[in-house]
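Residue 3 is where the sequence shown starts when you use our numbering, and the numbers rise one by one after that. Step one of this worksheet: look at the structure below.
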Amino acid sequence: MNPIDRTRGTAARLAAASLCFVMAGAAWGAPPAAAPARASAPLPQGVTLGPSAEGITEYRLANGLKVLLFPDSSRPTVTVNVTYLVGSRHENYGETGMAHLLEHLLFKGTKKNPDITGQFARRGMDFNGTTSLDRTNYYEVFQASKDNLDWALQMEADRMANSPVAPKDLASEMTVVRNEFESGENSPAQVLFKRMQSVAYDWHSYGRSTIGNRSDIENVRIANLQAFYRTWYQPDNAVLLVAGKFEPNATLAQINRLFGAIPKPKRALPRFWTVEPTQDGERSFVVRRQGDVQIVAVGYKIPSDLQEESEALGFAAEIMGDAPNGRLHKLLVESGKASQVFSFGQTGYAPGLQFYGAVVKKGEPLEPVREALLEAVEGLAKQPPTTAEMERVRRAWLNNIERSLNDAQGFGVALSEAIALGDWRLYFLGRERIKEVKAEQVAASAGRYFLRSNRVVGSFVPEETPLRAAIPPAPPVDSVMKDYRPAASNLVAEDFDPSQDNIMKRTTLTTAGGVKLALLPKKNRGETVTVQLRQHFGDENNLFGKGMTSALTSAMLMRGTSKYSRAELADAFDKLKMVGGPNSFQTTRANLAEAIRLAAHVLKEPALPAAEFEQLRKQILTGLEASRNEPQSVAARALATHFNQYPRGDIRHANTLEEDIADLQAVRLEDLAAFHRGFYNTHPAEMAIVGDFDPKEIVPLVDALFGKWTAPEKVAPVLRRHAEVAPVARTLDTPDKENGFYLAGMNLDLNVDDADYPALMLANYIFGEGGLKSRLMDRIRQKDGLSYGGGSELAAGDLDRAGSFSISAIAAPQNLRKLDAAVRDELARAVAKGFTEQELADARSGLMQQRLQNRANDAALAAGWTSYLYRGRDFTWSAAFERKLMAVTLPQMNAAFRKAIDPAKLSVIMAGDQGKAGKGSGQP
Numbered sequence: 003m004n005p006i007d008r009t010r011g012t013a014a015r016l017a018a019a020s021l022c023f024v025m026a027g028a029a030w031g032a033p034p035a036a037a038p039a040r041a042s043a044p045l046p047q048g049v050t051l052g053p054s055a056e057g058i059t060e061y062r063l064a065n066g067l068k069v070l071l072f073p074d075s076s077r078p079t080v081t082v083n084v085t086y087l088v089g090s091r092h093e094n095y096g097e098t099g100m101a102h103l104l105e106h107l108l109f110k111g112t113k114k115n116p117d118i119t120g121q122f123a124r125r126g127m128d129f130n131g132t133t134s135l136d137r138t139n140y141y142e143v144f145q146a147s148k149d150n151l152d153w154a155l156q157m158e159a160d161r162m163a164n165s166p167v168a169p170k171d172l173a174s175e176m177t178v179v180r181n182e183f184e185s186g187e188n189s190p191a192q193v194l195f196k197r198m199q200s201v202a203y204d205w206h207s208y209g210r211s212t213i214g215n216r217s218d219i220e221n222v223r224i225a226n227l228q229a230f231y232r233t234w235y236q237p238d239n240a241v242l243l244v245a246g247k248f249e250p251n252a253t254l255a256q257i258n259r260l261f262g263a264i265p266k267p268k269r270a271l272p273r274f275w276t277v278e279p280t281q282d283g284e285r286s287f288v289v290r291r292q293g294d295v296q297i298v299a300v301g302y303k304i305p306s307d308l309q310e311e312s313e314a315l316g317f318a319a320e321i322m323g324d325a326p327n328g329r330l331h332k333l334l335v336e337s338g339k340a341s342q343v344f345s346f347g348q349t350g351y352a353p354g355l356q357f358y359g360a361v362v363k364k365g366e367p368l369e370p371v372r373e374a375l376l377e378a379v380e381g382l383a384k385q386p387p388t389t390a391e392m393e394r395v396r397r398a399w400l401n402n403i404e405r406s407l408n409d410a411q412g413f414g415v416a417l418s419e420a421i422a423l424g425d426w427r428l429y430f431l432g433r434e435r436i437k438e439v440k441a442e443q444v445a446a447s448a449g450r451y452f453l454r455s456n457r458v459v460g461s462f463v464p465e466e467t468p469l470r471a472a473i474p475p476a477p478p479v480d481s482v483m484k485d486y487r488p489a490a491s492n493l494v495a496e497d498f499d500p501s502q503d504n505i506m507k508r509t510t511l512t513t514a515g516g517v518k519l520a521l522l523p524k525k526n527r528g529e530t531v532t533v534q535l536r537q538h539f540g541d542e543n544n545l546f547g548k549g550m551t552s553a554l555t556s557a558m559l560m561r562g563t564s565k566y567s568r569a570e571l572a573d574a575f576d577k578l579k580m581v582g583g584p585n586s587f588q589t590t591r592a593n594l595a596e597a598i599r600l601a602a603h604v605l606k607e608p609a610l611p612a613a614e615f616e617q618l619r620k621q622i623l624t625g626l627e628a629s630r631n632e633p634q635s636v637a638a639r640a641l642a643t644h645f646n647q648y649p650r651g652d653i654r655h656a657n658t659l660e661e662d663i664a665d666l667q668a669v670r671l672e673d674l675a676a677f678h679r680g681f682y683n684t685h686p687a688e689m690a691i692v693g694d695f696d697p698k699e700i701v702p703l704v705d706a707l708f709g710k711w712t713a714p715e716k717v718a719p720v721l722r723r724h725a726e727v728a729p730v731a732r733t734l735d736t737p738d739k740e741n742g743f744y745l746a747g748m749n750l751d752l753n754v755d756d757a758d759y760p761a762l763m764l765a766n767y768i769f770g771e772g773g774l775k776s777r778l779m780d781r782i783r784q785k786d787g788l789s790y791g792g793g794s795e796l797a798a799g800d801l802d803r804a805g806s807f808s809i810s811a812i813a814a815p816q817n818l819r820k821l822d823a824a825v826r827d828e829l830a831r832a833v834a835k836g837f838t839e840q841e842l843a844d845a846r847s848g849l850m851q852q853r854l855q856n857r858a859n860d861a862a863l864a865a866g867w868t869s870y871l872y873r874g875r876d877f878t879w880s881a882a883f884e885r886k887l888m889a890v891t892l893p894q895m896n897a898a899f900r901k902a903i904d905p906a907k908l909s910v911i912m913a914g915d916q917g918k919a920g921k922g923s924g925q926p
């Protein structure tokens, strides 16, 4: 339930959004197979057929609803996504943040579906809603079944037409959204970009952050929300997408039955006529707040994503802002003036903004960075991109798009951005445009818009003849699409069964020297293959005093080798379609052998260049300083040091911030070289490969590259010991932070093979891990409205008995004590009274469906194999564990939770601005 301000306009940027969804989500998936795009039976009455492209077919219901079907049977999941063509730009005066607040309220349920989040938990569904400038979307990702799909479709149809948008729900959810607003106010970057957005625009609603203004969030009237809902949440203003494993004919008929019953609205949608005037001079602003990092940024107004030169401007952003190949990185980071650079677009249906910027360590001069930044960006027109720069960006973007098309789940949700522009096929049109963009176009676009008079940075300086950057209006979508022809798609994959029995049947277990191998070949969409390599370094004795050295050595691997500079190495990964690092990456069947060779080269022959080492040291130091007053970092360090039982220098010791800084400053480059010589090896090691490959070609290659790679230092597991630690309650001051952080925990004497572990896992899911429907979130969010997000975590030792139980949440500083009281009350109630049979049944269902979806993801499946190989296990252990989960009874679960969790042993750390905590009543 997030407000999204940084919308993406081009196909490449949409693909990046798709990949972020895939990598961040809980579902682990093999890329989808090509499937028939159209429903083959006669269309249901009132349904008309629309355009199709690359496996997706559009239909239109009689009431105006657009339906996109993207069938794909290669993974056992389905994505249902509803995009409403309404976002923060449609809000009126006094209503900022209302589109996002309404998104929250639509999870409160209807008369027919009173407990939507409870159903999500019981069905193990991954879900969310997001709001941006131009659209709002809701999605569910779930285990493929007729029952799950039918429920999701009827629920979405029901809340489209029958959400009450009730005053009681606004009363509790307003404080949750306000807490989300407060969380964003903690971030220097988020605050800076919200200010830049508002300074850049005089009149257009793109000048308002999607999260809204605090006073509007707090005071919006229920009548306004209800009117907004009735106006925009209608079938003729929505696009429904179903992607994944489903039967198209039956699904289309069900959609027509459920959504087609909603009457076609009689109202006319409001029209907006405000056009932002051409900017008449540079603008500047300074945000002055306490903090530990400096940021300088510049924004330029640019045309709508519907304009053809949107692609050229996207190229400009990558050429300038990429790391380590971008011009700004070489100019500012490699020179030591800045620790990091960035670029991104905030664009959409209307003319938007293009941002460039740099992060500078506190105390270092900012003005030289500002001047160099402006000169470089505005000089792009006179220094056009080189052929190498153009091809690097083009290759990276096309690779991203190819990867996005291999996953129906993430790709389906990412289409919301193209839908918001007016036509989902813009995604594919953008891809074709990327292939044709020329350096002259990039330079010409930069010359039109990257002007002093069109920028937001620095001070206002009047001048007699300012330059102007006229922003053209968005063209009609029909004219943009008139010459588009969809490309043919020939991507195929198998229908893989992610059960433990099938995984065991399909996996070959062998060894190559000191490397244990798990090889699982399967036909993947796009011929993708995932590699995981798990290495082991040292023991608790020889690693003493080397914690920072070990971390820095690992971080330096991708910064240059004996054959490649950092930039050349990034190019080499890109050419082999490698995503990730040397120990964990995805590539394709044709590139696998060379990719493994390159990974071995990176691991064995790091160059450890001095300049890169100093860059890395500065970046880490800047990050450490930036965390000095961040509530979450402060609380986490405080709790870790409280539970610490190891001496300074021990690899298990929990460092303070000052200790981390001292260790970082003390490490020398020769220490890294010595650590690599003494500790890096693959004897022992575990490697898993899952995807499209031939095992016969891999075993001898792995043996040749890794089989005999040893190190002189002894290798042994570094175990932790369980210890009882006296509870503590501390409140820490983090000045000038709008949001606070709550963290609590206790040590547990627990191992994954303990008889009580399955019962405790189920109890923890019910208490705080099960999302919005957990006991914890029901109390602190749904009932009390104190927190936007929180949860609990249960950890058990694999090789030792060092387990733990922890609870975390965010809240305004003035609400932290109320949050603490609510958490303690809920924990005591759970221990004293236990859980219910229905909660146990829902937890079983949710956990089992999540675990099944997890095994459908190649990266997680490979990681699971390396973990099992290290512990001498396989997926039969997983199957046996699930049988134990299903066998847990309610008395067993309640008894296990009561035995393990003692509320009196809970240590609590609360971090927040104590000045704010002492003001007012702290009422939600």
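By construction, the Cβ of each residue, glycine as well, lies at the ideal position given by its N, Cα and C atoms.
Check	Outcome
Quick one: any contact between the stretch 292 to 305 and the stretch 443 to 452, if contact means 3 or more CB pairs under 8 Å?	yes
Please report the residue range of the alpha helix (DSSP H) in which T79 lies.	Careful: T79 lies outside any alpha helix (DSSP H), inside the beta strand (DSSP E) at 79 to 86.
Run through the stretch 538 to 589 for me and flag every whole beta strand (DSSP E) of 3 or more residues, listed as ranges in chain order.	581 to 583
Please report the Cβ distance between T212 and H106, rounded to the nearest whole angstrom; I am assuming they are in contact, meaning their Cβ atoms lie under 8 Å.	T212 to H106, Cβ: 13 Å. No contact.
Can you grab the Cα-Cα spacing for the pair S776 / A123, in whole Å?	8 Å
Name, in chain order, the residues that DSSP records as bridge partners for D452.	Looking at the sequence shown, residue 452 is not Asp but Phe. For F452, which the question treats as bridged, DSSP gives no partner whatsoever.
Going along the chain, which unbroken runs of the beta strand (DSSP E) with 3 or more residues stay wholly within the stretch 690 to 735?	731 to 735
I'd like the span of the beta strand (DSSP E) that includes L522, first residue to last.	517 to 523
Under 8 Å by Cβ, that's how I've got T276 and W205 pegged, so tell me the actual separation to the nearest angstrom.	5 Å
Which residue from R259, I782, Q443 puts its Cα closest to that of T388?	Q443
In three-state DSSP terms, what is Q356?	strand
Per DSSP, P73 forms a beta bridge with which residues?	G246
Would the stretch 632 to 643 and the stretch 585 to 592 be scored as touching if the rule is three or more Cβ pairs under 8 Å?	no
Got a sec? Which residues, its chain only, sit under 6 Å from I421 by beta carbon, not counting five neighbours each side?	T85, V241
Let me know the secondary structure DSSP gives R487 once reduced to three states.	coil
Please classify T563 as buried or exposed, where buried requires at least 16 neighbouring CB atoms within 10 angstroms.	buried
To the nearest angstrom, how far is the alpha carbon of V193 from that of G836?	43 Å
Under the DSSP definition of a beta bridge, which residues are partnered with L745?	S810, I911
What are the partner residues of R536, as DSSP defines its beta bridges?	E688
Quick check: the Cα distance between R527 and L703, rounded to an integer number of angstroms?	25 Å
From R508 to A602, what distance separates their C-alpha atoms?	26 Å
How is Q385 classed by DSSP in three states: helix, strand or coil?	coil
With DSSP collapsed to three states, give me the class of G836.	coil
Got a sec? Which residues, its chain only, sit under 7 Å from L671 by beta carbon, not counting five neighbours each side?	L610, A612, F615
My guess is that Y790 and N181 are in contact by the Cβ rule of under 8 Å, so how many angstroms apart are they, rounded?	4 Å
Hey, would you say A245 sits closer than 8 Å to T81, going by beta carbons?	yes
Identify whether T530 lies in helix, strand or coil by the three-state DSSP scheme.	strand
Smallest Cα separation from N65: which of F883, P73, L260, E142?	L260
Is DSSP giving N408 helix, strand or coil here?	coil
Could you pull the DSSP bridge partners for R62 from this structure?	T50, K68
Assuming contact is defined by CB atoms lying nearer than 8 Å, are D294 and K364 in contact in what I supplied?	yes
Mapping the DSSP letters down to three states, classify E632 as helix, strand or coil.	coil
On the three-state DSSP scale, how would you describe Y140?	strand
Taking the C-alpha atoms as reference points, what is the distance between R803 and P760?	15 Å
So, are the CB atoms of G516 and T684 less than 8 Å apart?	yes
Taking the C-alpha atoms as reference points, what is the distance between T927 and A811?	No answer is possible for residue 927: the residues shown for the chain start at 3 and end at 926.
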